[in-house]
Amino acid sequence: MTERNTDSARNWAAIVLAAGSGTRMSSQLPKVLHQVSGAPIISHVFDSLNQVDINKVILVTNPENNNALSQIDPEISCVIQNTPLGTGNAVSVAYENASSFENTIIINGDLPLITRKTIQNLITKHSESNSTLTLVSAVVDNPQGYGRIKKENDIVTEIVEQKELSEENEKLTDINVGIYAVKTQWLNKALLLLEPHDNEEYFITDIVNLATQQKIPINTYELKKSNEAQQVNNRVELALAENIMQNRIREQIMLGGTTIIDPASTFIDKNVLVGQDTILEPGVHLTGMTKIGTGCRIGPNAHIANSEIGNNVKITTSTIEMSVIGNNVSIGPYCHLREGSKISDEVSLGNYVEIKQSTIGKNTKIGHFTYIGDSIVGERVNIGAGTITANYDGDEKHQTVIGDGSFIGVNSVLIAPVNVGAKSRTGAGTVVTKDVPPDSLVVGIPGRIRSGKGE
Ligand code: UD1
Ligand code: CA
26 MTERNTDSAR NWAAIVLAAG SGTRMSSQLP KVLHQVSGAP IISHVFDSLN QVDINKVILV
86 TNPENNNALS QIDPEISCVI QNTPLGTGNA VSVAYENASS FENTIIINGD LPLITRKTIQ
146 NLITKHSESN STLTLVSAVV DNPQGYGRIK KENDIVTEIV EQKELSEENE KLTDINVGIY
206 AVKTQWLNKA LLLLEPHDNE EYFITDIVNL ATQQKIPINT YELKKSNEAQ QVNNRVELAL
266 AENIMQNRIR EQIMLGGTTI IDPASTFIDK NVLVGQDTIL EPGVHLTGMT KIGTGCRIGP
326 NAHIANSEIG NNVKITTSTI EMSVIGNNVS IGPYCHLREG SKISDEVSLG NYVEIKQSTI
386 GKNTKIGHFT YIGDSIVGER VNIGAGTITA NYDGDEKHQT VIGDGSFIGV NSVLIAPVNV
446 GAKSRTGAGT VVTKDVPPDS LVVGIPGRIR SGKGE
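Residue numbers (my numbering): 26 to 480.
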């Protein structure tokens, strides 16, 4: 349990609710671990909370998901709600941990779109108006599933849950987003007064009724962009949340100077960076910690995961994972760069080239149907069509080294471990079983040195 020390008054705790059974997701995975733009729902909530001046964040989990959830952010304290007795009960379970802070934010864990700015604005509004209770509200076109905010003479009086709505209240479009700022001392008293509903659950939303009964004015902070309120109760809402997040990410990337020709078919994870004047063609997926330089042309149809791409790189219809690509490289169509591929500047990789755990030197060309695994390929090498580095002997992987300026003939098979010296050539169809000295020609099956230093 870490409490953050900041210079400002030790004022704020946040309680994040994630102990519900998530039944509507119909999943073995806890609801808040489902991903939006490549990160678990709950980590989006943590990210926003971590960027504002909150002294302590407390996560409420249940006995089944506590292990998995407590690993998301080691800075966050977890408390376990043993029985899912509702959001009100979940807050009661966490209350002790928040009790020494003047104010508490309560936030549902299934709100991945809430921004740092919203949390900050809520804190500011609550503090400046010295409020006891401030609700985040939103006016939405489709309020289905949300608790509705009831007002009398424009003053908030109550939150009514979807299940308990009268026909007349169904039309209310002012919704309870699921985030509350509360004076902690008052929260303590209010929690003790909560009564269970018909389903035996205690609702945190009932603190609004209680405030009304006690004639405590209730403040609201209305979301500037109502789609931030998108919650994730089921997979339909998960897709809606992804869509909103994707629009947000794509917009940011476009405003940063990247062209996205067809935003609807372009998917970009939250932490991806794309440089100026790069063009993303339709069907591009950029995932994980991917970073793309300036002036690149990516796609159509490319998936780049956890990779770093230099400047002026052209990639068409290819898959690239955990690799590093230099500048002025051309890749594809139909290349698969697997983990640990390091491609130097000016390299050209053509149709159906697979590379794994290998370094390819500057200016090297690998044009067609080739597998390079566990290899070091030098500079200015030409690898002929159909070349295979046979790196696996059934038990272990072995290395192939190809020297600078070599020319590997079509259909060569290099049986690792093997070295081909600089400026050597292999004839078409050669099976190289032994090291080849520099400046040599090797031909046949098994490969025999025909000329050069090895003759
Ligand atoms: C809740 C609100 C509703 C609001 C909506 C929007 C209540 C009673 N209703 O409804 O007014 O419009 O969110 O976000 O609060 N949880 C626990 N323990 C429990 C039950 C739930 O920790 O016993 C957690 C869930 O894991 C979830 C969060 O609380 O992250 C909200 O619960 P959920 O079931 O999603 O509430 P909604 O029905 O969506
Ligand atoms: Ca919810």
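All residues carry an ideal CB built from backbone N, CA and C; glycine is no exception.
The Cβ atoms of Ala-64 and Lys-295 lie closer than 7 angstroms to each other. Here Arg-260 is exposed: its Cβ has fewer than 16 other Cβ atoms, across all protein chains shown, within 10 Å.
Within the stretch 117-163, the runs of alpha helix (DSSP H) at least 4 residues long that lie entirely inside it are, in chain order, 141-153. For Met-50, the closest alpha carbon among the candidates Glu-100, Val-257, Leu-74 is that of Val-257.
For Ser-46, the three-state secondary structure derived from DSSP is coil. The C-alpha of Thr-455 is placed about 26 angstroms away from the C-alpha of Lys-367. Burial state of Gly-386 is buried, judged by a 10 Å Cβ sphere holding 16 or more other Cβ atoms.
Counting other Cβ atoms within 10 Å of its Cβ, Thr-108 stays below 16 and is therefore classed as exposed.
By the criterion of a C-beta distance shorter than 6 angstroms, Thr-284 is surrounded in its chain by Ile-304, once the five residues flanking it on both sides are discounted. Taking the Cβ atoms as the reference, Thr-209 lies roughly 19 angstroms from Asn-133, outside the contact range of under 8 angstroms. Put simply, the backbone Cα of Gly-469 is about 7 angstroms away from that of Gly-452. Residue pairing by DSSP places Glu-247 opposite Ser-162 in a beta bridge.
A residue is called buried once 16 or more other Cβ atoms fall within 10 Å of its Cβ, and Thr-48, having fewer, is exposed. Asn-352 and Asp-370 have their C-alpha atoms roughly 5 angstroms apart. Between Leu-136 and Asn-201, the alpha-carbon positions lie close to 12 angstroms from each other.
Across the structure, Ile-397 and Gly-281 are spaced so that their CA atoms are roughly 36 angstroms apart.
If you look at Ser-400, you'll find it in the beta strand (DSSP E) that goes 400-402. Within the stretch 76-101, the complete alpha helix (DSSP H) runs of at least 4 residues fall at 91-95.
For Leu-219, the three-state secondary structure derived from DSSP is coil.
The alpha carbon of Asp-199 has as its nearest neighbour, out of Asn-213, Ala-206, Glu-189, Glu-183, the alpha carbon of Glu-183. For Asn-201, the shortest C-beta to heavy atom distance toward ligand 2 is 6 angstroms or greater. The residue among Ser-400, Val-77, Arg-173, Ile-101 with its C-alpha nearest the C-alpha of Thr-140 is Val-77. Taking all protein chains shown into account, Gly-45 has 16 or more neighbouring C-beta atoms within 10 Å of its C-beta and is therefore buried. Every beta strand (DSSP E) stretch that sits fully inside the stretch 259-320 and reaches 3 residues is listed by chain position as 309-312. Placement of the Cβ of Asn-90 at a distance of 6 angstroms or more from every heavy atom of ligand 2 is found.
In this structure, DSSP gives Val-70 a helical state, which the three-state scheme calls helix. Judged by DSSP in its simplified three-state form, Lys-56 adopts helix. Within 6 angstroms of the C-beta of Gln-106 there is not a single heavy atom belonging to ligand 2. Spanning the alpha carbons of Ile-269 and Ser-251 requires a straight line of approximately 11 angstroms.
By the Cβ-count criterion, Glu-346 is buried, with 16 or more other Cβ atoms from all chains shown falling within 10 Å of its own Cβ. Between Asn-87 and the set Gly-308, Val-116, Val-309, the nearest pair of CA atoms involves Val-116.
7 angstroms or more divides the Cβ of Ile-380 from the Cβ of Ile-356.
Take Lys-422, set aside five residues on each side of it, and the residues of its chain with a beta-carbon closer than 7 angstroms to its own are Asp-399, Asn-416, in chain order.
Sorting His-361, Thr-384, Asn-36, Gln-60 by C-alpha distance to the C-alpha of Ile-79 places Asn-36 at the top. Residue pairing by DSSP places Phe-432 opposite Asn-407, Arg-450 in a beta bridge. The stretch 438-445 makes contact with the stretch 401-419; the number of CB pairs closer than 8 angstroms reaches 3 or more.
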